[in-house]
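> This structure is in structure tokens; I'll ask about it shortly.
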Amino acid sequence: MRTTDSRHDFPIAPNLLERNFIATAPNQIWLADITYVETDQDWLYLATVMDLYSRKIVGWAMADHLRAELPLAALPWPLQHSGLAPA
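Residue numbers for the sequence shown follow UniProt numbering, beginning at 1 and rising by one.
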């Protein structure tokens, strides 16, 4: 199963951390990742958001696709519960 195709002309997102994985308080740095999980019926994709300071998963979403809305769906809960989003 191929999940990445780097042969394109789209811009590459900047590496804002530049390998500096140090957080001194909660909600300074969130990391995101997507993985796939095999089920009895098919593959599902799991997007997670982790707080680097606590190393806790603060948001997640699961879907049967890899479209942009999957990682975006993992953000509302941590945004609402971190005090970072407007009420």
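Idealized CB from N, CA, C, for every residue including glycine.
Because the structure is a prediction, the values reported are computed rather than measured.
Indicate whether Y45 and Y36 have their beta-carbon atoms separated by less than 8 Å.
What you label residue 45 is simply residue 45 of the sequence shown in a count that begins at 1. What you label residue 36 is simply residue 36 of the sequence shown in a count that begins at 1. For Y45 and Y36, yes; Cβs fall inside 8 Å.
> Taking 8 Å as the threshold (C-beta atoms), are L66 and I34 in contact?
Within the sequence shown, the letter at position 34 stands for residue 34. Within the sequence shown, the letter at position 66 stands for residue 66. Their beta carbons are under 8 Å apart, which means I34 touches L66 by this criterion.
> Please state whether DSSP places E38 in a helix, a strand or coil.
As a first step, residue 38 must be located in the sequence shown, where it is residue number 38. Three-state result, E38: strand.
> Under a three-way DSSP split, which group does A74 fall into?
Walking along the sequence shown from the start, residue 74 turns up at place 74. DSSP places A74 in coil when its eight states are reduced to three.
> List the DSSP bridge partners of L31.
Position 31 of the sequence shown, counted from the start, is the residue given in the question as residue 31. Answer by DSSP bridge pairing, in chain order: M50.
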